[in-house]
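So the structure is just underneath, and the comments pick up after that.
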Amino acid sequence: MRVDHLCKSPPARQFQAPRSALLHFRSLRTWIQSTLSFGLILFLGVGCSKKHYENAADRQVYRIVQDFEQKIFGHTNAFTVDTPFAGRDPKSVTPAEILENRQATNSRVLHLDDVLELAVHNSREYQTQKEQLYLTALSLTGAKFEFSPQFFAESQAQVSGSPEGSDIGSVRSQIGVDQLLATGGRLSVSLANDLLRYFTGWSSSGGNGSRDSAINILAVNLSQPLLRGFGRNSPQVEALTQAERNVVYAIRSYTLYQHQFATDIVNSYFSLLATKDNVRNNYTNYLRRAYLTEYTEARAVDRERRAAVDDARASEINARNGYVNSVAGYLNSLASFKLRLGLPISEQIHLDDSDLHELVQVGLIPIDIDRVAGFRMAVDKHMEILNAIDRFEDTKRKVRLAADALKPGLLLTGGATLASEEPDDYANFDLNQIRYTAGIALDLPVNRLRERNTYRASLISFESSIRSLGLTLDSFKDRIEEGLRTLEQRRLNYLNAQASYEVAERRVEMNDMLFTAGRVQVRDVREAQDQLITSKNGLTQTITAYLQARLQLLLDLGILSTEGSKFWLQDPLAPLLTPDMRGPGPLQMPDNELIPPDRFLEPLP
């Protein structure tokens with residue numbers, strides 16, 4: 214019996230099970246493949262390229278910058294953060310390419326207009342400032358996005374089951390929109406579809422089957438705070454408000470930076486030209502000293518002492534050192550200037566002297582404004598002061614928001630759902646079967662320790678902002694008065710340098726004649742030449758120093774525009790001045806008369 218039992222064929226059920234399982238697996242595989250194919254098609258249809266997202270961000274940010282510039286200044290300027298590497302795959306940019314780029318060996322002669330254009334397009338610092346403005350505007354797009362309709366579409370597929378039971382395949386899909394309201398509330402509408410497929414295994418009837426179940430649900434939900442967080446006190450509304458104000462601050466700061474940057478480039482350029490002029494003067498001085506040495510040696514044969522020759526030789530050596538040091542100083546300053554412009558150090562640039570000659574011909578452009586009128590003008594126009602005032606208003610708003618957080622929370626909620634009936638489609642809804650909910654949630658201010666601390670901290674921050682705003686105003690008042698004093702000081706220095714140069718020229722001419730006649734010593738000639746080279750170098754330096762003080766004062770007044778051609782020679786203050794705004798500066802003196810010290814050191818009678 215036992216042997217016979219072992220030799221019998223297996224029951225038919227054991228042989229049919231693999232076939233049933235195979236059919237079951239094929240049905241399940243088909244369902245999975247269909248689901249994955251649907252998901253893949255959906256992904257390929259909805260997904261966008263990286264370049265698309267980059268371009269979309271650029272369009273939105275540039276539009277924000279232009280809109281805010283139009284509101285603030287009444288006009289817009291071209292703005293982009295693109296560089297020669299923009300639009301390229303970061304993987305394609307290699308260190309070797311950057312190294313090659315920094316080994317350029319161009320050679321060119323530059324005017325100041327050329328230098329400003331190069332600085333705007335190549336300066337690393339300038340590019341960083343543009344990117345900071347871009348990122349601030351980019352943050353605003355995120356804050357605005359929170360208040361735009363948030364469309365969503367998602368689908369999730371999964372299989373569950375057990376070896377002994379039925380496998381269940383499900384696909385849950387949902388599409389809808391979510392909207393954050395300016396009142397602080399939130400409204401959402403969604404349409405969901407739940408699709409179930411039951412895969413049955415082998416049955417005694419010898420078949421394999423499946424059945425489907427589909428449910429479509431339309432849902433609407435609303436939540437609205439009525440006390441704490443209502444309207445402008447909503448954290449999301451405040452985040453949007455602050456993001457918009459941050460863009461205003463960023464545009465003002467960027468505009469101020471543009472003016473300051475251009476002014477610094479102009480000042481550095483003229484300082485280089487002054488140094489270049491000093492190099493030439495020092496070389497001329499060396500040639501004069503060499504000639505004096507040669508002439509003295511010739512006279513030492515019968516008319517001059519040997520000590521005079523040594524004196525002349527020592528003077529020549531000092532002049533040689535002065536010339537060498539001035540050349541090295543100029544080249545070092547020029548290299549630093551190229552770094553600031555963003556040019557390769559290996560590039561050869563030469564600065565045209567015509568800009569300095571033109572500056573000397575134009576002379577000193579005065580700023581004839583009273584200190585009080587100047588401060589009032591700065592309060593109305595300077596970007597830094599305007600930002601400080603607006604940030605002071607921000608702290609007042611933070612106090613209001615922190616105080617609102619101490620209120621009770623009262624939240625109104627409501628919702629409605631509607632499920633479809635057979636046949637399962639999105640149009641077969643019975644409105645009589647709608648289900649709705651409505652309620653109010655009350656959050657009493659029983660425990661508000663954190664909110665209390667936040668509120669108290671906001672009050673301290675507000676008082677700190679009072680001091681900060683006061684310091685900003687006092688600092689600008691001091692800067693304007695110091696600027697007026699510095700401008701007058703450098704005007705007088707320039708007049709003194711002119712007079713000193715005229716005296717030094719006459720003295721050199723006189724001593725040369727007297728030395729030839731044997732009536733003065735080499736020391737007298739040397740001292741006259743020293744005075745001449747000093748006064749000649751000082752004359753160039755004082756006029757460039759006056760330009761620097763004047764441009765900085767115009768910046769502090771908030772009226773300097775660097776967009777026009779040769780702005781450093783323009784007078785933007787003249788059309789703004791009225792007779793009552795004019796007045797003497799805090800250090801103003803007549804050209805040829807010094808005011809006694811008691812006028813500045815003692816109380817006025």
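214 is the number of the first residue of the sequence shown in our numbering; add one for each residue after it.
Note that beta-carbon positions come from the ideal geometry of N, C-alpha and C, so glycine has one too.
Would you kindly work out how many angstroms separate the C-alpha atoms of residue i and residue j, rounded to a whole number?
i, j, result
"L329", "G555", "12 Å"
"D822", "R512", "Beyond the ends of the chain as shown, which are 214 and 818, falls residue 822; an answer cannot be given."
"S677", "L655", "35 Å"
"P799", "G777", "30 Å"
"E606", "L623", "28 Å"
"L708", "R301", "57 Å"
"R272", "D295", "13 Å"
"G389", "S671", "39 Å"
"A521", "E722", "19 Å"
"H472", "R501", "43 Å"
"Y504", "N534", "16 Å"
"K551", "N314", "15 Å"
"L814", "T468", "40 Å"
"R663", "A601", "29 Å"
"P810", "D725", "40 Å"
"W781", "T476", "8 Å"
"L657", "P621", "5 Å"
"I578", "M794", "17 Å"
"L697", "R584", "8 Å"
"R458", "K343", "18 Å"
"Q340", "P816", "51 Å"
"V514", "L745", "29 Å"
"D380", "A651", "39 Å"
"I647", "I653", "21 Å"
"F728", "L572", "37 Å"
"L564", "V322", "6 Å"
"A405", "A370", "14 Å"
"A309", "I772", "45 Å"
"E740", "L764", "36 Å"
"E679", "I598", "Looking at the sequence provided, one finds Ile at residue 679 rather than Glu. I679 and I598: Cα-Cα distance of roughly 13 Å."
"D568", "N480", "12 Å"
"Y482", "L325", "7 Å"
"N495", "G576", "24 Å"
"T791", "D784", "15 Å"
From the DSSP secondary-structure annotation, give me the bridge partner or partners of residue i.
i, result
"I430", "A405, A632"
"C391", "According to the sequence provided, residue 391 is Asp. The question's Cys does not apply to it. Q363, S401."
"A525", "A525 pairs with nothing; no bridge assigned."
"Q437", "L625"
"L662", "DSSP, once it has assigned bridges, lists no residue as partnering L662."
"Y649", "A629"
"V294", "DSSP output for V294 lists no bridge partner at all."
"A654", "L624"
"S386", "S368, N406"
Give a yes or no on whether the C-beta atoms belonging to residue i and residue j are separated by under 7 Å.
i, j, result
"A452", "A356", "yes"
"R526", "T506", "yes"
"V274", "Y347", "yes"
"Q316", "P362", "no"
"N750", "N538", "no"
"S368", "S386", "yes"
"L400", "L435", "yes"
"Y536", "T488", "no"
"A768", "L700", "The sequence given here has Leu at residue 768, not Ala. No."
"V735", "T497", "no"
"Y649", "A632", "no"
"N706", "T757", "no"
"S549", "L485", "no"
"A762", "R703", "yes"
"A350", "V460", "yes"
"E560", "N268", "no"
"L752", "A787", "no"
"S674", "T608", "yes"
"T685", "A615", "no"
"G442", "G398", "no"
"A456", "S352", "yes"
Which ranges would you report for the alpha helix (DSSP H) in the segment 551 to 595 if only whole runs of at least 4 residues count?
567 to 575, 584 to 594
Residue ranges of each alpha helix (DSSP H) run of no fewer than 4 residues wholly in the segment 302 to 336, ordered along the chain?
Runs of the alpha helix (DSSP H) inside the segment 302 to 336: 308 to 314, 325 to 335.
Quick one: any contact between the segment 682 to 693 and the segment 580 to 588, if contact means 3 or more CB pairs under 8 Å?
yes
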